[in-house]
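S.K.: Note that the sequence shown covers residues -25 to -1, 1 to 361 in mature numbering (1 follows the signal peptide of the UniProt record, and there is no 0). Think of the CB as a built atom: it goes at the ideal place given N, C-alpha and C, for glycine as much as any other residue. Handing you a structure now.
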Amino acid sequence: MTSHKKNLRRLAAVGAFLLATAAHADLKVGIDLSTTGPAAAIGITSKNAILMWPKTIAGQNAQTIVLDDGSDPGAAVRNIHKLINEDHVDVIVGPNVTPAALAALDPVAESRTPMITLIGSAAVVEPQEGKRIWAFKMAQTDRAMADVMTRYMANHHVTTVGFIGFADSYGDSWLGEFTKFAALRHIRIVATERFNRTDTSVTGQVLKLIASRPDAVLIAGAGTPAVLPQRTLVERGYKGAIYQTHGIATPEFIKLGGKDVEGTLFPTQPVVVARTLPADHPAKQAALAFVNDYEAKYGPGTVTQFAGDAAGVYPRLQDAVARALKTAQPGTPAFRDALRDALEHAHELVVPNGVVNTSAQDHVGLDQRASVMGIVKGGQFVYLTQ
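This is the structure we're talking about:
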């Protein structure tokens, strides 16, 4: 055999090997979460749920790379640059804090890498244009939560509300959405105050709220920092109803708040109140299965909405990756494009926190089947009928 023919055969063998390798390339999932810092109570449970994912997605070996951003948007952006440019991931999951998710839009759009965030605010996916076409969101929107909350308020004769929220994009989003639905249901906001996640006192703001004599107070915070305004309201003798957002649904909130958060009213998603959901709720079976599995691994009373959102990423990826693989292989720009397109076309996909129907205009895909009211009762999060 001539050397020329031998070289051709060697080249053919190398080509076949590379094709085989590409055909079995691992799917790489880059994950940025706040597992330390003020948002740790949210991020830790999301990480716990992700650690329960199967090792394959749509039959493809899946490699997950989990990084902690310390609840710092700047660190989140650095993590995402690393995941994209050094680890060459096919998809980003996270961040789970609104300012970090908004900051992440630039690197994911520039690299054309789809991102599935775990935040509440719709600001990361609306409007669906420009950089936002690369972003998706697992949690129900603040808009839908404000809708179900104000409906409950109106049904229970609340006509005036005092508002105190985080002095960041989470508080901004909630103030904007709550204001719209409050006006729709003839509920008047009589005082508006803000506080920082790291504040140690909100006495001044609370005294102003109480002076406005509202029927109810809404605290737009998330995780354990949301306890401080409520505790201060109780200590200062406020007797009206206290509402919180879906951001409170962690065991740490109840543990830290104790008797001061008993009776808290809040909108939430199915996982948080899975055991007390009506039997005919379309997500009850998936929610309850996840809760049972999660608490078997991490202990009774440990599940959170955020864990449920992170668990829901797996069926979202399972559904989308299966379709994207028909077009391209992981590790390529073509696959990332195909995955983004597939994530945009989920249909009646049941996840632990609801039923997903996405489109080019809607990168959340949840309807009112993902929004319920809850109450803190006996140190537990319990389903509350309208």
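Does the segment 131 to 138 touch the segment 88 to 106, meaning 3 or more C-beta pairs lie closer than 8 Å?
M.R.: no
S.K.: So E152 is in the alpha helix (DSSP H); what residue range does that whole segment cover?
M.R.: S144 to L159
S.K.: What's the C-alpha gap between I25 and I40?
M.R.: 11 Å
S.K.: So A110 packs on L341, CB below 8 Å; how close in whole Å?
M.R.: A110 to L341, Cβ: 15 Å. No contact.
S.K.: Please state the DSSP three-state secondary structure of N54.
M.R.: helix
S.K.: Please classify K112: is it buried, with 16 or more other beta-carbons within 10 angstroms of its beta-carbon, or exposed?
M.R.: buried
S.K.: Classify P204 as helix, strand or coil using the three-state DSSP reduction.
M.R.: helix
S.K.: Based on DSSP bridge pairs, tell me the residues matched to R163.
M.R.: T135
S.K.: Can you list the alpha helix (DSSP H) stretches of 4 or more residues lying completely in the segment 276 to 335, in chain order?
M.R.: 280 to 299 and 308 to 318
S.K.: How would you label K22, buried or exposed, when you count the other beta carbons within 10 angstroms and need 16 or more for buried?
M.R.: buried
S.K.: Using only the alpha-carbon positions, how far apart do V331 and L324 sit?
M.R.: Cα to Cα, the separation comes out at about 5 Å.
S.K.: Which residues in the same chain as residue 362 place their Cβ atom closer than 7 Å to its Cβ, once the five residues preceding and following it in sequence are excluded?
M.R.: Absent from the structure is residue 362, since the part of the chain shown begins at -25 and ends at 361.
S.K.: Return the bridge partner residues of Q80 from the DSSP annotation.
M.R.: The sequence shown places Leu at residue 80, not Gln. L80 is not bridged to any residue.
S.K.: Taking the alpha carbon of residue 423 as the reference point, which residue from M90, A50 and Q115 has its own alpha carbon closest?
M.R.: For residue 423 there is no data in the structure shown, the boundaries of the chain being -25 and 361.
S.K.: Put P242 into one of helix, strand or coil per three-state DSSP.
M.R.: strand
S.K.: For the segment 242 to 262 against the segment 347 to 360, are there 3 or more C-beta pairs whose distance is under 8 Å?
M.R.: yes
S.K.: Whose C-alpha, out of F265, A201, L93 and Q115, is nearest the C-alpha of F138?
M.R.: A201
S.K.: Specify the secondary structure class of T39 as computed by DSSP and reduced to three states.
M.R.: If DSSP states are grouped into helix, strand and coil, T39 belongs with the strands.
S.K.: Are the Cβ atoms of T20 and A282 separated by less than 8 Å?
M.R.: Yes; because the gap between Cβ atoms is below 8 Å, this pair is in contact.
S.K.: Where DSSP assigns a beta bridge to T88, which residues make up the other side?
M.R.: DSSP output for T88 lists no bridge partner at all.
S.K.: Can you tell me the Cα-Cα spacing of G215 and R172, whole angstroms?
M.R.: Whole-angstrom Cα-Cα distance: 24 Å.
S.K.: So for D65, helix, strand or coil by DSSP?
M.R.: Of the three classes helix, strand and coil, the one that applies to D65 here is coil, per DSSP.
S.K.: Apart from the five residues on each side of it in sequence, which residues of its chain come closer than 6 Å, Cβ to Cβ, to L263?
M.R.: So the qualifying residues of the chain are A249.
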